[in-house]
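Quick note on the UniProt record's numbering: the sequence shown kicks off at 1 and runs consecutively.
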Amino acid sequence: MIASIIGATGYTGGEVLRLLLNHNKVEIGTLTSESYAGKKVSDVHPNLTGLVDQNFVDLNINKIIGESDIIFAALPHGASNEIISKIYKANENINLVDLSGDFRFDDLTVYEEWYKIKHTDPELNKKAVFGLPELYKDKIKKAKLIANPGCYPTSAILGSAPLLKNKLVKTDVIVDSKSGVSGAGKKLTANTHFPDANENFSAYGIATHRHSPEIQQEMEKLFGNNVNLSFTPHLVPINRGILTTIYMTFNQFMETKDVISLYREFYKDCPFVRVLDEGKFPQTKAVAGSNYCDIGIKSDKRTGRVIAVSAIDNLVKGASGQAVQNMNLMMGFDEKEGLNVVPLYP
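Now the structure itself:
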């Protein structure tokens, strides 16, 4: 099977390529780049020196469709929307995984309000499936277009889903997330410039981050009711990783061991979710480079709350690894194919 990548020079495009090189069922197809057409892959991704012997090319929609069984789109929001729409108008049977936020929302007025972009293809948006395998595996298997979830939403939803689905907590949910600087992408900004990011720790996008409505959408689907979400992301001076802490209030208090049992039962068929033993909590280094999501739980009898902590690699389970996992399900492969990567430690 041939897999191509549109926008293969960014962090997420490069990670998709890295992971596909370990996939026994995939051959690398077209790798496009608007800025680096004609350049060698190793000029942009030095870690792939000697592993990929080809150059980036300009995007030719008809050519990439003809040469691909599946296409990954690792493009900025807005740009992805337009290109994917053109691809599907040319061939509606192509398999595609979109890593942007352009097809994640059921209600496009919410997307347009938070992203400040007019969606160009509402009909195609209706066909997209939200690509969180732990919740939507059966739908993903039948889909042609996957909307790969955001990094923060992945960590927040996986960390809270069992309690929300079983309606064991109240509707007020607080999500506090810390992310490494690669989550902002390759483009340099003041906040990610080394002298500003190094030895620094700051909150950003307070009450305004565009992942807020994505998290809320999926939490409300799980809960079957409105959720009052407060989400605050923070930037920490590490390359990779997201650590998310979720605060929920029990309807009726549960002991930690019982919540852990609930989570393990909920995720028993999910190979990339690791629910930790009582008293143990996730750390970003323990999942670095891998597609795992680690979850730790603590019930607080004094406050009546439950605290769930999740850790993912923002570039893998938070983006490219999840995209490959979705591809596996779409194409009928083993869900773990190409993703049996042992986390890097220390």
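For glycine and all other residues, C-beta sits at the position ideal for the given N, C-alpha and C. The structure displayed is predicted, hence computed values, not measured ones.
CA nearest to the CA of residue i, picked from the options
i    : options                   : result
N129 : V287, V97 and L222        : Strictly speaking, residue 129 in this sequence is Val, with Asn absent from that position. Cα-wise, what sits closest to V129 is V97.
T256 : L235, Q216 and S299       : S299
A288 : I238, S212 and K186       : I238
L164 : F250, K187 and P149       : F250
N62  : I84, V227, V316 and G332  : I84
V324 : N95, E67 and V57          : N95
L51  : D58, S42, K285 and L59    : S42
E15  : L329, K336 and N291       : N291
M254 : N148, H211, M327 and R305 : R305
M331 : I146, H45, K126 and T109  : I146
D70  : G29, Q217 and G338        : Note on identity: in this sequence residue 70 is Ile, with Asp being the wrong assignment. Looking at the Cα atoms, G29 is the closest of the given residues.
G205 : L188, A197 and P233       : P233
L132 : K116, T109, W114 and R104 : R104
P149 : K285, S179, K126 and L99  : L99
N228 : Q283, G296, T171 and H23  : T171
Three-state class that DSSP yields for residue i in the structure shown
i    : result
Y204 : coil
F130 : strand
C151 : helix
Y247 : strand
K186 : coil
V273 : strand
D107 : coil
K116 : coil
N55  : strand
A308 : strand
P233 : strand
Outcome for residue i when other beta-carbon atoms lying within 10 angstroms are tallied against a minimum of 16
i    : result
V342 : exposed
T208 : exposed
S35  : exposed
S182 : buried
H193 : exposed
F201 : exposed
D138 : exposed
Q54  : exposed
N- and C-terminal bounds of the alpha helix (DSSP H) containing residue i
i    : result
N62  : I61 to G66
F223 : S212 to F223
K298 : Careful: K298 lies outside any alpha helix (DSSP H), inside the beta strand (DSSP E) at C293 to D300.
Minimum Cβ-Cβ distance from residue i to chain D less than 7 Å
i    : result
G159 : Looking at the structure shown, chain D is missing, and only one protein chain is on hand.
Residue span of the beta strand (DSSP E) that contains residue i, given as start and end
i    : result
G338 : That residue, G338, is in no beta strand (DSSP E); it is neither H nor E in DSSP.
E27  : E27 to T32
V169 : V169 to S179
Supposed close pair residue i, residue j - CB separation, criterion 8 Å
i    : j    : result
T244 : A319 : Between A319 and T244 the Cβ distance is about 15 Å, and since that is not below 8 Å, they are no contact.
V275 : Y267 : 6 Å
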